[in-house]
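For reference, the structure is listed below as structure tokens.
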Amino acid sequence: MQKPKVVFPLVEAGMGHIIPSNSIANAFEKKYGKYTEVSRPYFFKDSGDKALIKMEQSFVKDVIRANKHTSWGMFETFMMDITNYKVLQRVFSAVQSKKMRQKLISRMESFRADLVLNTHISTALIAKEVTNNKPIITVYNPDVMIQPFYHGYCDMVMVSSERGYDKVIGKFGYTDENLKLVTFPIREEAYKFSKDKKENRKRLGLDEDKLTIVLFEGGYGLGKMKKICKRLLKTDLDANVVAICGKNEKLYNDLKKLKPHPNIKFVVEGFCPCTLDYLAAADIFMGKSGASSVAEPAFFGVAEIITKHATTIEKNNSLYYVEDVKCALNVLNPSKAVKTVKKLDADRALLKKMQDNALAIHDRYGSEEIADHLWDLLCKKYPDLKVQYDIDNKK
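Sequential numbering from 0 applies to the sequence shown in numbering that gives the first Met the number 0.
Here it is, written out as structure tokens:
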């Protein structure tokens with residue numbers, strides 16, 4: 000039989016949708032690539048269509064606007080929280096011209112997908128509109144909470160927090176068949192780092208014995224980092240301070256001009272592939288509560304000071320790590336955030352307790368569980384797949 004095609008459409012609306020999608024695709028391809036054709040296209044930008052590219056650019060602009068104007072971000076995501084899927088589908092269709100709507104559907108149909116794993120709502124909505132060889136539609140929600148509207152057009156929704164799962168199971172059409180609690184799909188390279196933070200610091204050229212603080216505010220570097228750094232660098236903390244600015248070149252250039260206290264080693268990075276390297280060396284994380292931004296520090300046993308919520312989604316992310324995991328503190332005022340760092344430096348028992356709480360959920364990470372759920376859905380549609388897999392693996 001022809002190999003079923005599994006598509007992981009990538010959408011930029013912040014980097015928090017792309018990273019987990021690639022992690023899941025890697026795990027799926029590693030385990031089941033022999034039996035399937037795996038594709039991970041950039042849904043909009045790879046189309047070559049100016050209108051589709053512009054649509055994705057509007058997503059990026061909306062994320063930037065939400066980060067710059069928190070009241071807008073909070074209002075926008077509140078409206079999403081109370082919207083059911085039928086209303087959302089009508090709104091999504093209504094704002095597109097007939098020509099544009101057909102372009103979107105044609106783009107999705109061009110993949111000839113048997114299964115689509117979505118991490119952004121747009122491609123899930125588009126997949127719902129496909130009529131020729133309709134694919135299995137799945138969603139992995141990287142954030143803590145799940146919007147009620149997902150169930151209406153998905154065969155399966157997956158989430159990584161008990162808080163999010165418990166909130167909706169048995170409601171809004173969610174059942175244990177179409178909603179799965181899964182591990183968080185952290186990047187596979189996270190597992191390569193030593194558990195010895197001193198060793199990781201030495202490799203990065205940091206002082207091995209200093210308290211290490213990493214500041215990160217998502218791929219676009221929008222938050223309170225400049226205000227926090229100005230205050231933090233004036234303290235006499237004996238610390239490594241690493242500021243990762245993402246794509247925000249102005250922030251990068253502004254921070255490079257700052258002069259730290261002699262006790263502080265200050266490192267400024269732009270958009271770089273080394274975020275995990277620094278987190279593996281960190282004691283404290285400071286930044287906004289994007290899904291991966293708060294999940295990744297916890298993986299490495301890093302205490303978190305959350306300094307911004309751009310949306311209700313991010314606020315809920317923070318509450319999970321503050322109230323459930325107990326490895327984080329919400330401190331939204333820059334001056335108070337710096338005072339909190341000094342408090343944790345002085346109270347190492349409290350710092351260690353937060354770090355230990357983060358490590359307590361270490362087994363809640365990994366992409367293979369999600370890959371297995373996708374495989375099971377494919378096998379229900381194509382039973383011969385499972386037969387062949389079991390023969391090859393002697394089950």
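Backbone N, C-alpha and C fix where the C-beta goes; we use that ideal spot for every residue, glycine too. The structure presented is a predicted model; accordingly, all values stated were derived computationally and were not measured.
>> Going by DSSP in three states, Tyr-139 sits in which element: helix, strand or coil?
In response: Against the sequence shown, residue 139 aligns to sequence position 140. Three-state result, Tyr-139: strand.
Requested in this report: Identify every run of the beta strand (DSSP E) within the region 21 to 61, keeping only runs that are complete inside it and at least 3 residues long; order them along the chain.
Outcome: 36 to 38
Exercise for review: Decide if the region 105 to 112 is in contact with the region 125 to 137; the criterion is three or more beta carbon pairs, one per stretch, under 8 Å apart.
Suggested key: yes
- prompt: How would you call Lys-179, buried or exposed, if buried means at least 16 neighbouring beta carbons within 10 angstroms?
  reply: For this step, residue 179 is matched to residue 180 along the sequence shown. Lys-179 comes out buried.
For Thr-274, tell me which candidate among Thr-311, Leu-254, Asn-199, Val-340 has the shortest Cα-Cα distance. Translated into the one-based positions of the sequence shown, residue 274 becomes position 275. Among Thr-311, Leu-254, Asn-199, Val-340, the Cα nearest to that of Thr-274 belongs to Asn-199.
Option nearest Pro-415 by Cα separation, candidates Glu-28, Ile-17, Glu-11, Lys-325: Nothing about residue 415 can be read from this structure; the chain reaches only from 0 to 394.
When DSSP labels each residue in this structure, what does Ile-212 get in the three-state scheme?
The sequence position of residue 212 within the sequence shown is 213, counting from 1. The answer is strand: DSSP assigns Ile-212 an E or B state.
Handout entry: Cut-off 7 Å between Cβ atoms - residues of its own chain near Gly-220, not counting five sequence neighbours on either side
Key = For the purposes of this step, residue 220 is taken as the residue at position 221 of the sequence shown. These residues qualify, in order along the chain: Cys-244, Gly-245, Lys-246, Asn-247, Leu-250.
(message) Just verifying my parser: in three-state terms, what is the DSSP assignment at Phe-110?
(response) In the sequence shown, residue 110 corresponds to position 111, counting from 1. Looking at Phe-110 - three-state DSSP - the assignment turns out to be coil, as it is neither helix nor strand.
If you measure between the beta carbons of Asp-282 and Ala-309, is that distance less than 8 Å?
Mapped onto the sequence shown, residue 282 falls at position 283. Mapped onto the sequence shown, residue 309 falls at position 310. Cβ distance not < 8 Å, so Asp-282 and Ala-309 don't count as in contact.
| Should the region 19 to 39 be regarded as contacting the region 178 to 192, the criterion being three or more beta carbon pairs within less than 8 Å? | yes
Suppose the cutoff is 8 Å on Cβ atoms and the five residues either side in sequence are ignored; what does the same chain contact list for Thr-122 look like? What you label residue 122 is simply residue 123 of the sequence shown in a count that begins at 1. For Thr-122, where only same-chain residues beyond five positions count, the Cβ hits under 8 Å are Pro-8, Val-10, Phe-42, Met-107, Val-115.
- In angstroms, rounded to a whole number, what distance separates the CA positions of Pro-134 and Gly-32? Along the sequence shown, one-based indexing puts residue 134 at 135. Along the sequence shown, one-based indexing puts residue 32 at 33. The straight-line gap from Cα to Cα measures roughly 18 Å.
(request) Consult DSSP for Ile-104 and reduce its assignment to one of helix, strand or coil. (result) Here residue 104 is taken as the residue at index 105 of the sequence shown, counted from 1. Looking at Ile-104 - three-state DSSP - the assignment turns out to be helix.
Can you look up Glu-161 in the DSSP assignment and give me helix, strand or coil? By one-based count along the sequence shown, residue 161 stands at place 162. In this structure, Glu-161 counts as helix in the three-state DSSP scheme.
Original post:
With which residues is Val-115 paired in a DSSP beta bridge?
Top reply: Stepping through the sequence shown from its first residue, residue 115 is reached at position 116. Answer is Val-6, Ile-136.
Exercise. In terms of residue numbering, what span does the beta strand (DSSP E) encompassing Met-14 cover?
Worked result: Here residue 14 is taken as the residue at index 15 of the sequence shown, counted from 1. Segment: none, Met-14 is in no beta strand (DSSP E) and carries neither H nor E.
Problem set entry | Sub-8 Å separation of Ala-297 and Val-324 beta-carbons | Within the sequence shown, the letter at position 298 stands for residue 297. Within the sequence shown, the letter at position 325 stands for residue 324. Contact: yes.
Margin query: Please give the ranges of any beta strand (DSSP E) in the region 288 to 359, keeping only runs that are unbroken, at least 3 residues long and fully inside the region.
Written below: Those beta strand (DSSP E) runs which fall completely within the region 288 to 359 and span 3+ residues are 302 to 307, 327 to 329.
*What is the DSSP secondary structure of Cys-179, counted as helix, strand or coil?*
For the purposes of this step, residue 179 is identified with residue 180 of the sequence shown, where counting begins at 1. Note on residue identity: the sequence assigns Lys, not Cys, to residue 179. If DSSP states are grouped into helix, strand and coil, Lys-179 belongs with the strands.
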